[in-house]
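Student: Line by line, the protein sequences are chains Z and V. Residue numbers are given in this note's numbering: position 11 of the first sequence equals residue 11, and the series is strictly consecutive. Add 1000 to a position in the second sequence, counting from 1, and you land on the number used in this note's numbering. All C-beta atoms in this analysis are idealised placements derived from N, C-alpha and C, irrespective of residue type, glycine included. Before we start, here is the structure in question, set down as C-alpha cells.
2 protein chains.
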Amino acid sequence: MNILITAGGTSEAIDSVRNLTNHATGSLGKVIAETLSSHVHTIFYVHGPRAVLPDKENINNYPISSVRDLEKTMHDLLTAHTIHTVIHSMAVSDYELDYTTSEVNLAKQLADVITTKQPATKENLETLIIETLTSNQFATNKEKKIRSTSEQLIIALKKAPKVIHSIKKWQPTTQLIGFKLLVGVPEIDLVTAAKESIKKNKADYIVANDLEHISTTQHQALIINQTGIKERCETKQDIANSLLNIIKQEG
Amino acid sequence: MNILITAGGTSEAIDSVRNLTNHATGSLGKVIAETLSSHVHTIFYVHGPRAVLPDKENINNYPISSVRDLEKTMHDLLTAHTIHTVIHSMAVSDYELDYTTSEVNLAKQLADVITTKQPATKENLETLIIETLTSNQFATNKEKKIRSTSEQLIIALKKAPKVIHSIKKWQPTTQLIGFKLLVGVPEIDLVTAAKESIKKNKADYIVANDLEHISTTQHQALIINQTGIKERCETKQDIANSLLNIIKQEG
C-alpha cells in the first residue's frame, strides 16, 4: 500500500525577500514516516521548506512552499496513484497574499471612495470600507521588494484554498487522517474542533493537539474519530504507533 | 582581534504559529566566517533561525529571532567586548508587528471614528484614517493564534529599530561593514544606496548586491566606501577574500 504524508509548514511569499511562514519543524511527520516505512510500499512525503526529512529508501520527497504549491502537488499525486491513507500533518496557512500597501495609500484610497460615494449611514460606511479593503483595486501593486519608506506596512491576506477539503474529492476511497492544532484550550474544544473537521472534510480520524502541550520531549495528542476519543498519546512516537495500528487495521 | 558577524535572516512572530521571515540562508556569512577564522582571535557569530552555521573552534554562535532580539544581542556584545570589525550581513526586517485585525473589525473602527469626528474635507478624512490606522487602539488584540474565520486577515507592521544605526553609537571605534540588498536595479542605484547607508550609519564599507545576481554558484557584489567602488566580486568566496584584505589592512 502507498501512504501520503504531509509535514512541516507552508510559506507564502510577501515579496521577493519576505515570507509569511507557519512554524513547524516537520519532526512529527518524520517520526510517522520512519515508523510506517517498513510496513508500506511507498510513502509520498510532501514537505514544506526547511522541514527535517525522514531517511528511508521507500520515502519519496515532494518539496512545496505555498498553499497553491501544496494543492497542485496533492492533486497530482492523488489523481495519479492509489493511496491507502493520507496523513495530513502539515501546518498549512489559512491565508495567502491579497495585497500589500502603506497606511498613506490605504487612507488615500478609502478617502477617495468615501468622498465619491457619500454613504448615508454608518452601516453603509462600514460596508463601503469592507468592499474597498477586499476589492481587487490593490491587486497590481505587488512590488519586487517592498520599500521601507512608509511608517506602516499593511499586509492584507485573503483565504487560501482548504486543501484538506479536496482530498476525498480527488480520491474518495482514501483514508484521511487530518490534524488540528489549537493553542491553550480545554480538551472539549479540541474534541469539538476535531469532530467539525471530520464532518466538513470527510476525515476518518483527526489528531488533535494543543501547542502548549508540545515540546521536544512531549507531544500530547488525542486521536479522534466520529464516535469520540479513540486514543491518548504522550509523545510523537506514541502518535506514530497509533497511526500504524490504524493503517494495519484498515489495511 | 575580535570580529562580529551577523548572518541569516530575522523572523518576527505574528502569533504563536505564524512568522514573518526574511529569506536568507546565511551561506554568505558562513563563508566569510570560515575565511576569517584563522586570522582573528574570536568571531561572535550572530545568526537568525535556520541559518547554516560555520564550524570552527573560535566561532561563538549567538542565535536570535526578532529585530528586538538582534538589537539586544548586538548591544550586549558591543558594550562588553572590543570588536575590531562588525560585518553585518544579516537580512534584518525593516518592520515588526504593530497589530493584526480583520477587514470587518478595521471597517467598524474606521466607521466609528469617521462618524464621530465628521471630518469636513477629504484631506481631513485622509489624516483621520491614517491616525486611526497607526494609533495604539489596536495594540491589545494580539491573539495566541489568529482564528481563520474572517475573509481577510490584515497584518499592520510598524518600523522596527534600525540596528545598523546603533552600532557606531555602541562602539565608535569599531570598523563597520554593512550590506545593501536591492532587486533588479541598475548599478548606479546600488552605489547611491550604498553611499547613503555609509553616511547615515557611519559605515566604513557597504557590500552592495542585487538579488537577481545571486545564485548558488554566483554572488555578484560591489564593495563600496565613501570614495566609490573599491572592488567587484563574483562569488561568495570573492566577497570573503575582499573582506579579509580589508581587515588585514586596517588591523
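What residues in its chain sit with their C-beta under 6 Å from that of Z/Lys-236, if we drop five residues either side in the sequence?
Tutor: Cβ neighbours of Z/Lys-236 beyond the five flanking positions: Leu-28, Val-31 and His-219.
Student: Thinking C-alpha only, which one of V/Glu-1057, V/Met-1074 and V/Glu-1231 is nearest V/Leu-1222?
Tutor: Nearest C-alpha to V/Leu-1222: V/Glu-1231.
Student: Cβ closer than 8 Å: which chain Z residues qualify as neighbours of V/Thr-1115?
Tutor: Lys-122 and Leu-125, listed in chain order.
Student: Per DSSP, V/Val-1185 forms a beta bridge with which residues?
Tutor: None, per the DSSP bridge assignment.
Student: Check whether the Cβ atoms of V/Ser-1102 and V/Leu-1020 lie closer than 8 Å to each other.
Tutor: Not closer than 8 Å, so no.
Student: Tell me whether the region 103–118 of chain Z and the region 1108–1128 of chain V touch, counting them as touching only if at least three CB pairs, one residue from each stretch, are closer than 8 Å.
Tutor: At 8 Å Cβ cutoff, the stretches touch.
Student: Jot down the residue ranges of each uninterrupted alpha helix (DSSP H) in the region 1005–1053 of chain V, minimum 4 residues, whole runs only, in chain order.
Tutor: The qualifying runs are 1027–1036.
Student: Taking C-beta pairs closer than 8 Å, name the residues in chain V that Z/Asp-98 reaches, listed in chain order.
Tutor: Under the 8 Å cutoff, chain V gives Gln-1152.
Student: State yes or no: is the C-beta of V/Gln-1175 within less than 8 Å of the C-beta of V/His-1084?
Tutor: Yes, the pair counts as a contact, with Cβ atoms nearer than the cut-off.
Student: Whole angstroms are fine: how far does the CA of V/Ser-1135 sit from the CA of Z/His-275?
Tutor: Given a span of 1 to 251 for chain Z in the structure shown, any question on residue 275 of chain Z remains unanswerable.
Student: Within the continuous alpha helix (DSSP H) that includes Z/Glu-252, where are the two ends?
Tutor: Outside the displayed range of chain Z (1 to 251) lies residue 252 of chain Z, so it cannot be described from this structure.
Student: Relative to the C-alpha of V/Val-1207, which candidate in V/Val-1185, V/Ala-1240, V/Ser-1215 and V/Thr-1217 has its C-alpha closest?
Tutor: Of the listed residues, the one whose Cα sits closest to V/Val-1207 is V/Ala-1240.
Student: Taking the alpha carbon of Z/Leu-243 as the reference point, which residue from Z/Thr-100, Z/Glu-34, Z/Thr-149 and Z/Val-185 has its own alpha carbon closest?
Tutor: Here the closest residue by C-alpha is Z/Glu-34.
Student: Alpha carbon to alpha carbon, how far is V/Thr-1025 from V/Val-1052? Give it in angstroms, no decimals.
Tutor: Distance between the alpha carbons of V/Val-1052 and V/Thr-1025 is about 6 Å.
Student: Residues of chain V with CB under 9 Å from Z/His-213, in chain order?
Tutor: Going along chain V, no residue has its Cβ under 9 Å from Z/His-213, so there is no contact; the nearest lies around 13 Å.
Student: Which whole-angstrom value describes the C-beta separation of V/Ser-1089 and V/Ile-1214, a residue pair presumed to lie in contact below a C-beta threshold of 8 Å?
Tutor: Not a contact, Cβ separation roughly 12 Å.
Student: Going by DSSP, which residues form a beta bridge with Z/Gln-152?
Tutor: Per DSSP, V/Lys-1158.
Student: Would you please state the rounded distance, in angstroms, between the beta carbons of V/Leu-1078 and V/Trp-1170? I believe it to be under 8 Å.
Tutor: That belief holds up - the Cβ atoms of V/Leu-1078 and V/Trp-1170 are roughly 4 Å apart, short of 8 Å.
Student: Please confirm whether Z/Arg-232 has its beta-carbon closer than 8 Å to some beta-carbon of chain V.
Tutor: Not closer than 8 Å to any Cβ of chain V, the Cβ of Z/Arg-232 fails to qualify, so no.
Student: Could you pull the DSSP bridge partners for Z/Thr-85 from this structure?
Tutor: According to DSSP, which records beta bridges pairwise, Z/Thr-85 is partnered with Z/Ile-3 and Z/Gln-175.
Student: Z/Leu-28 versus chain V: which residues are under 7 Å apart at the beta carbon?
Tutor: None at all; the shortest Cβ gap to chain V is about 14 Å.
Student: In terms of alpha-carbon separation, which member of Z/His-23, Z/Asp-55 and Z/His-39 lies closest to Z/Leu-211?
Tutor: Comparing Cα-Cα distances from Z/Leu-211 to each of Z/His-23, Z/Asp-55 and Z/His-39, the minimum goes to Z/His-23.
Student: Contact criterion: CB-CB distance below 8 Å. Does V/Ser-1166 meet it with respect to chain Z?
Tutor: No, its Cβ sits nowhere closer than 8 Å to a Cβ of chain Z.
Student: Could you check what DSSP says for V/Ala-1120 in three-state terms: helix, strand or coil?
Tutor: DSSP places V/Ala-1120 in coil when its eight states are reduced to three.
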